[in-house]
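Asker: Start counting the sequence shown at 141; every next residue gets the next number (my numbering). The C-beta atom is built at its ideal place from N, Cα and C for all residues, glycine as well. Remember, predicted model here, so these are calculated numbers, not experimental data.
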Amino acid sequence: MLSLKKTVPILFCFCFLFASSACAAVPLIYCSDLFHPHDDPDDHFDLACIYAIEEFDLKAIILDQGLKQKEQPGLIPVMQMNALTGREVPSVSGLEKPLVSPEDTGEDQPASAQAGVETILAILRESPEPVTIITVGSLRDVAAAFNRDATLFHQKLKRLYAFIGNTGGGFREYNVNLDLNAYRCIMNAGLPLYWTPCFDGGLWENNGRASYWVSPHNQLLEGVPEALLNFFIYMIEKKDSADPVAAIFEPVNEREKEAFLAEKRNLWCCAVFPHAADRFYICRKGKCLALPPHSLRQGDLPAAPFSYVPVKVRLDEEGVEHCPDPDGTEILCFHMTDPQNYARHMTELSVQLLHELAGLIRTSEK
């Protein structure tokens with residue numbers, strides 16, 4: 141019987157032999173509580189890293205909390221990112237109000253607020269292959285869509301990555317509070333759920349079963365093009381230009397740049413996204429990277445800073461997680477594999493993605 145240490149290199153050699161020059165596209169729906177002016181700057185970093193992963197066939201961006209989107213339109217950073225990359229990814233606003241029960245379809249909300257749910261259902265129906273969904277805010281539109289057509293979800297959903305909750309119990313995390321009933325719905329839906337808790341043990345705590353880490357801006361954005369740096373500065377300064385797209389192609393304000401690069405950022409998602417693209421997490425020259433099969437080299441060693449492990453979770457009516465619980469629903473839960481080096485590795489992975497995005501950036505608006 142082969143040991144794990146022996147089988148892993150064999151598996152990697154297999155990948156070298158059979159990897160194609162291009163990876164199959166991953167149909168993706170991205171749901172985000174992205175706003176401008178921002179609520180949390182990490183959402184802009186997440187958006188950038190989603191665009192960085194070329195394997196993603198980004199079908200649509202669902203902008204969470206439709207009522208709030210009217211005052212703080214997340215459409216602005218989407219327009220900017222589309223302009224930076226020359227893409228035309230569509231975005232729509234979601235339901236305006238929290239679901240009134242875990243079974244709520246949201247159909248009693250205004251017709252103007254239905255685009256998010258309808259877009260999710262349309263993409264699932266029309267896709268010839270299973271679709272991945274990533275949520276980094278509430279689960280409102282996904283839950284409402286599931287309640288309208290659960291069979292469709294069970295047939296066409298490949299994976300659902302939900303960045304939400306707290307593994308340790310006794311504390312209701314921010315995204316849960318956005319829509320408790322949506323959380324209750326999805327956690328008990330029996331879907332292929334990759335639960336990625338924001339915290340483990342309480343606010344700002346991570347005892348190994350949450351994705352939270354902190355990265356310095358000067359590491360994340362070292363050497364990136366001015367237009368990409370301006371994308372983040374426009375966000376952090378809460379600018380209100382008559383033409384927000386043109387604004388990011390202007391020369392960088394050195395004072396604003398210096399102040400921004402001196403900051404640190406709470407992050408949860410960027411370095412996890414490559415998992416949804418089926419990339420390999422490896423160590424090369426002492427750094428952690430997430431690479432598609434065709435980019436692997438002889439000598440690369442498996443070095444995933446996290447994994448997803450089966451766990452039974454019970455969610456009570458107050459939205460408190462009981463994990464593990466023998467009477468709970470079995471899902472896959474995020475688990476840190478190297479706590480000592482976790483933040484460093486997740487930062488390295490995020491830097492990699494931002495530099496991949498830098499290679500896609502246009503230098504001018506036209």
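Could you tell me whether the stretch 265–275 touches the stretch 288–304, using the rule of 3 or more Cβ pairs below 8 Å?
Answerer: Result yes; three or more Cβ-Cβ pairs closer than 8 Å.
Asker: Since residue 322 contacts residue 239 with CB under 8 Å, what's their CB separation in whole angstroms?
Answerer: The Cβ separation is near 5 Å, so the contact holds.
Asker: Going by the beta-carbon positions, is the gap between residue 325 and residue 283 smaller than 7 Å?
Answerer: yes
Asker: Whole angstroms is fine: what's the gap from residue 210's alpha carbon to residue 444's?
Answerer: 40 Å
Asker: Entirely within the stretch 233–311 and at least 4 residues each: give me those alpha helix (DSSP H) ranges in chain order.
Answerer: 255–266, 280–288, 290–296
Asker: Express the C-alpha separation of residue 392 and residue 468 in angstroms, rounding to a whole number.
Answerer: Taking the straight line joining both Cα atoms gives about 52 Å.
Asker: I believe residue 491 touches residue 369 by the beta-carbon criterion, under 8 Å. Please report the beta-carbon distance rounded to the nearest angstrom.
Answerer: Not a contact, Cβ separation roughly 14 Å.
Asker: With a cut-off of 8 Å on the beta carbons, I'd call residue 233 and residue 255 a contact; round off their distance for me.
Answerer: 6 Å
Asker: Looking at C-beta atoms only, is the number of pairs between the stretch 413–429 and the stretch 372–389 that lie closer than 8 Å three or more?
Answerer: Not touching, per the Cβ criterion.
Asker: Are the CB atoms of residue 235 and residue 280 within a distance shorter than 7 Å?
Answerer: yes
Asker: Flag this pair as touching only if the stretch 373–381 and the stretch 337–356 have three or more C-beta atom pairs under 8 Å; answer yes or no.
Answerer: no
Asker: Given residue 181, which residues of its chain have a CB within under 7 Å of its CB, disregarding the five upstream and five downstream residues?
Answerer: 375, 376, 405
Asker: Is residue 404 helix, strand or coil by DSSP?
Answerer: strand
Asker: Okay, do the stretch 484–502 and the stretch 189–205 touch, 3+ Cβ pairs below 8 Å being the bar?
Answerer: yes
Asker: Give every residue of the same chain whose Cβ lies closer than 8 Å to the Cβ of residue 466, excluding the five residues on either side of it in the sequence, and list them in chain order.
Answerer: 452
Asker: Tell me the residue span of the alpha helix (DSSP H) that contains residue 410.
Answerer: That residue, residue 410, is in no alpha helix (DSSP H); it is neither H nor E in DSSP.
Asker: Going by C-alpha to C-alpha distance, which of 247, 188, 412, 244 sits closest to residue 448?
Answerer: Between residue 448 and the set 247, 188, 412, 244, the nearest pair of CA atoms involves 412.
Asker: Following the continuous alpha helix (DSSP H) through residue 183, name the residue where it begins and the one where it ends.
Answerer: 182–192
Asker: With DSSP as the reference, label residue 547 as helix, strand or coil.
Answerer: An answer regarding residue 547 cannot be provided, because it is not within the stretch 141 to 506 covered by the chain.
Asker: For my contact list, residue 502 and residue 224 are in at a C-beta cut-off of 8 Å; report their separation, rounded to the angstrom.
Answerer: 6 Å
Asker: Mind checking which residues open and close the beta strand (DSSP E) that includes residue 200?
Answerer: 196–203
Asker: Give the secondary structure of residue 501 by DSSP, where H, G and I count as helix, E and B as strand, and everything else as coil.
Answerer: If DSSP states are grouped into helix, strand and coil, residue 501 belongs with coil.
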